[in-house]
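What follows is one structure encoded as structure tokens, with my remarks underneath.
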Amino acid sequence: MTDETKTEKELILEVKDLRTYFYGEDDIVWKILEGINFKLYKGETLGILGPSGVGKSVLALSILKLIRYPGKIEGGEVYFKGTNLFKLDEESFDDLRGREIGLVMQNTRGGMDPLRDMTHTTGQPYKVHAEDEPEKDEIKALVVSQLGKVSLPEPYKTSDKFAHQMSGGENQRVKIAAALMNNPTLLIADEPVSNLDSTVARMIMNLLTEMKEKFNLTMILIAHNLGVIAELSDKVAIMYAGKIIEISDVETMYYNPRHPFTQGLFYASPSIAPRGKLKPIPGEEPDARKYPTGCHFHPRCEYAIEKCSIDQPKLEEIDNNHFVACWRTKDIPKYEGDF
Ligand code: SF4
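For the sequence shown, the working numbering begins at 417 and goes up steadily by one.
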């Protein structure tokens, strides 16, 4: 997709220099997000990929301004359909969450009240955002219809069930149904298929694809599974040590990754590493309390030069909508994998 094409598309979300820190005792600061930037257009799905603890979920919560003590959004801006979300008062932001922006959280049963049935769980976003208090029958009918849309069997019976009476996959479907209850413009799905067996994960992935097409959803998909991201995303952002270090369309990312960390991630993945090339990335993830100077990846990077330990590279466009944060992009050998 070219920039010219993009300018014709509606810009839904723009994240600028987003920084979120967590504070501990003795002035310890975890810099979980250290300046995140990306744009997302109508109907696009952005897959966010990176190792555990890199800040993917914190990014989702920061966009929705759901960071709580001891975390704090330290800076940056998030524009949703042109509105700076961080300038909204709490009431206006509350009105937006669950109506214009849906969120599916990581833990399959997390966020579900064990004492409330699925009618409550699924219908709550509608009830909260309805202009007038809706009748119970109206909510029930909407919930049953919504549960049918996410292909839950016997939606009427399901609407009377509680979380513990359903499987992990069914609970996940209910959460997706609830997140889509108000037909949001943007859906943020944080690890929607982790902890599910492969058959159920496949069903949820098919469901997300179907929902995306049916509702023309714009989506942020957070995952650590390379296959899930490849299948569901239009473009992919790779996160490392609080930053996006590479972003491009999905084909470019998987066939021609240019950042040494992205290449290392693929070479370290048994599912996509080329035959005979499987190898771990040396070293460990850096501590968010004290990132290395310069490029945060330099202590683990086989291509590092002196400059890498001093100056931090910024995301630069190296090809059509392919951005990489690396001083030596031109010198990095081509990735040998064939996804
Ligand atoms: S900037 Fe230097 S250390 Fe960082 S990824 Fe590029 S070559 Fe490696």
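Glycine included, each C-beta is placed from N, C-alpha and C at the ideal position.
Can you find the residues in the same chain that come closer than 6 Å, C-beta to C-beta, to residue i, ignoring five residues on each side of it along the sequence?
i, result
"residue 489", "436, 478, 483"
"residue 533", "576, 578"
"residue 409", "Residue 409 is absent from the structure shown; the chain starts at 417 and stops at 755."
Just mark residue i as buried or exposed, buried being the case when its beta carbon has 16 or more other beta carbons within 10 Å.
i, result
"residue 580", "exposed"
"residue 606", "buried"
"residue 732", "exposed"
"residue 448", "buried"
"residue 587", "buried"
"residue 372", "The chain is shown from 417 up to 755; residue 372 falls before or after that span and cannot be answered."
"residue 762", "The structure shown does not extend to residue 762, since the chain is modelled only from 417 through 755, so no value can be given for it."
"residue 709", "exposed"
Below 7 Å CB to CB, which residues in the same chain sit around residue i once its five sequence neighbours on both sides are set aside?
i, result
"residue 645", "463, 465, 637, 639, 652"
"residue 647", "621"
"residue 773", "For residue 773 there is no data in the structure shown, the boundaries of the chain being 417 and 755."
"residue 564", "571"
"residue 735", "none"
"residue 673", "662, 679, 682, 751"
"residue 426", "457, 458"
Hey, how far is the Cα of residue i from the Cα of residue j?
i, j, result
"residue 729", "residue 748", "15 Å"
"residue 531", "residue 738", "48 Å"
"residue 558", "residue 568", "14 Å"
"residue 718", "residue 692", "19 Å"
"residue 678", "residue 685", "11 Å"
"residue 453", "residue 431", "5 Å"
"residue 560", "residue 676", "49 Å"
"residue 496", "residue 506", "15 Å"
"residue 618", "residue 504", "38 Å"
"residue 457", "residue 670", "21 Å"
"residue 641", "residue 469", "14 Å"
"residue 614", "residue 654", "24 Å"
"residue 610", "residue 487", "25 Å"
"residue 440", "residue 608", "30 Å"
"residue 455", "residue 740", "15 Å"
"residue 666", "residue 550", "42 Å"
"residue 529", "residue 535", "12 Å"
"residue 556", "residue 548", "16 Å"
For residue i, which residues of its own chain have a beta-carbon under 8 Å away from its beta-carbon, when the five flanking residues on both sides are left out?
i, result
"residue 451", "433, 434, 435, 492, 658, 659"
"residue 743", "711, 721, 723, 724, 727, 729"
"residue 689", "682, 683, 695, 753"
"residue 699", "715, 716"
"residue 500", "493, 494"
"residue 541", "514, 515, 518, 594, 595, 597, 598"
"residue 476", "519, 604, 606, 636, 638"
"residue 444", "705"
Round the Cβ separation of residue i and residue j to the nearest angstrom and send it over; I've been treating them as touching at under 8 Å.
i, j, result
"residue 597", "residue 537", "Going by Cβ atoms, the distance from residue 597 to residue 537 rounds to 10 Å, so no, they are not a contact pair."
"residue 634", "residue 428", "5 Å"
"residue 544", "residue 514", "6 Å"
"residue 601", "residue 516", "5 Å"
"residue 566", "residue 612", "Not confirmed; about 14 Å, so no contact."
"residue 552", "residue 509", "So it is not a contact: roughly 28 Å between Cβ atoms."
May I have a chain-ordered list of the beta strand (DSSP E) segments no shorter than 3 residues that lie completely inside the stretch 697-750?
-> Fully enclosed beta strand (DSSP E) runs of 3 or longer: 732-735, 738-740.
Run through the stretch 649-673 for me and flag every whole beta strand (DSSP E) of 3 or more residues, listed as ranges in chain order.
-> If we require 3 residues or more, the beta strand (DSSP E) runs fully inside the stretch 649-673 come out as 651-656, 659-665.
Those runs of the alpha helix (DSSP H) which lie wholly inside the stretch 453-512 and span at least 4 residues = Segments of the alpha helix (DSSP H) lying fully in the stretch 453-512: 472-479, 506-512.
Which runs of the alpha helix (DSSP H) spanning at least 4 residues fall entirely within the stretch 523-580, listed in chain order?
-> At a cut-off of 4 residues, the continuous stretches assigned as alpha helix (DSSP H) that sit fully inside the stretch 523-580 are 534-545, 552-565, 571-575.
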